[in-house]
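According to UniProt numbering, the sequence shown is numbered sequentially starting from 1. Beta carbons: idealized from backbone N, C-alpha and C, even for Gly. Since we're looking at a predicted model, the values are computed, not measured. For reference, the structure discussed in these notes is given below.
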Amino acid sequence: MAGPLVIAIPKGRILKEALPLLARAGVEPEAAFADEDSRALRFATNRPDIELIRVRAFDVATFVAHGAAQIGIVGSDVLMEFDYSELYAPVDLNIGHCRVSVAEPVALAASDDPRSWSHVRVATKYPSLTARHFAARGVQAECVKLNGAMEIAPVLGLADRIVDLVSSGRTLKENGLVEVEVIAEVSARLIVNRAAFKTRSAEIGPIVAGVRAAVERLGRAA
1 MAGPLVIAIP
11 KGRILKEALP
21 LLARAGVEPE
31 AAFADEDSRA
41 LRFATNRPDI
51 ELIRVRAFDV
61 ATFVAHGAAQ
71 IGIVGSDVLM
81 EFDYSELYAP
91 VDLNIGHCRV
101 SVAEPVALAA
111 SDDPRSWSHV
121 RVATKYPSLT
131 ARHFAARGVQ
141 AECVKLNGAM
151 EIAPVLGLAD
161 RIVDLVSSGR
171 TLKENGLVEV
181 EVIAEVSARL
191 IVNRAAFKTR
201 SAEIGPIVAG
211 VRAAVERLGR
221 AA
């Protein structure tokens, strides 16, 4: 007999917006999930057949793609970076809105024209997405992989530009950078392992339908 379904939830910005959608779909985590001091990663829910794991956003896609979790919630930026064929993304959750953008120092941007670029050196946690974007424009991109602190890379001479998530733009401004090109608009998606969706459709189907209905209800309310 198959064990409980595992839903992978990302730490960070999407988490607070995702939980109400799951609750409307009938899935609520145990009280320990709300304990910010807890180091636990796996949690029970109000349903004995469903568990939650809380992992880094980039790891959500990997857990679901490899079948360690059957369902997940993740930003479309992660899906574009990894492009896992094992993933099916049936619902745009309409939360976690931001964008993947190119940014550079204000002084450089004053006389710079992105349309004239032929070669760029970019610090980013999205090397695949970045390389594809620039290749489509005929620009050679040298990508320096970083997992954080992207904004300091131009200051220290590691790269002239960065590609990162941008929401309000405040972090860029505080570090002397300005957004010069939007690569992609981003929102959170419900993702499902394709193989699990076929073999456990009776369990997964109602969850997908419940989340989709919750998104639609919230959209009408707005």
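Item: Boundaries of the alpha helix (DSSP H) in which Glu-17 is found, first to last residue; Value: 15-24
Item: Rounded Cβ spacing between Val-102 and Arg-161 (contact assumed at less than 8 Å); Value: 6 Å
Item: Where Ile-95 falls: helix, strand or coil (DSSP); Value: coil
Item: Residue environment, Ala-209, which counts as buried when at least 16 other CB atoms sit within 10 Å; Value: exposed
Item: Cβ distance (whole Å) where Asp-92 is taken to contact Arg-189 below 8 Å; Value: 6 Å
Item: Option in Ala-214, Pro-206, Leu-218 and Gly-219 with minimal Cα separation from Ile-71; Value: Pro-206
Item: Host beta strand (DSSP E) of Thr-199 (start-end); Value: From DSSP, Thr-199 is part of no beta strand (DSSP E) but of the alpha helix (DSSP H) over 194-199.
Item: Residue burial classification, Val-60 (beta-carbon count within 10 angstroms, cutoff 16); Value: buried
Item: Whole-Å CB distance - Glu-104 paired with Val-180, under 8 Å assumed; Value: 6 Å
Item: Own chain partners of Ser-128 with C-beta closer than 6 Å, once the 5 adjacent residues on each side are dropped; Value: Glu-81
Item: Residues near Glu-36 by beta carbon distance below 8 Å, same chain, minus five either side; Value: none
Item: Sequence-distant residues of its chain with Cβ nearer than 7 Å to Thr-171 (five each side left out); Value: Glu-151
Item: Arg-42 and Glu-51 closer than 9 Å at C-beta; Value: yes
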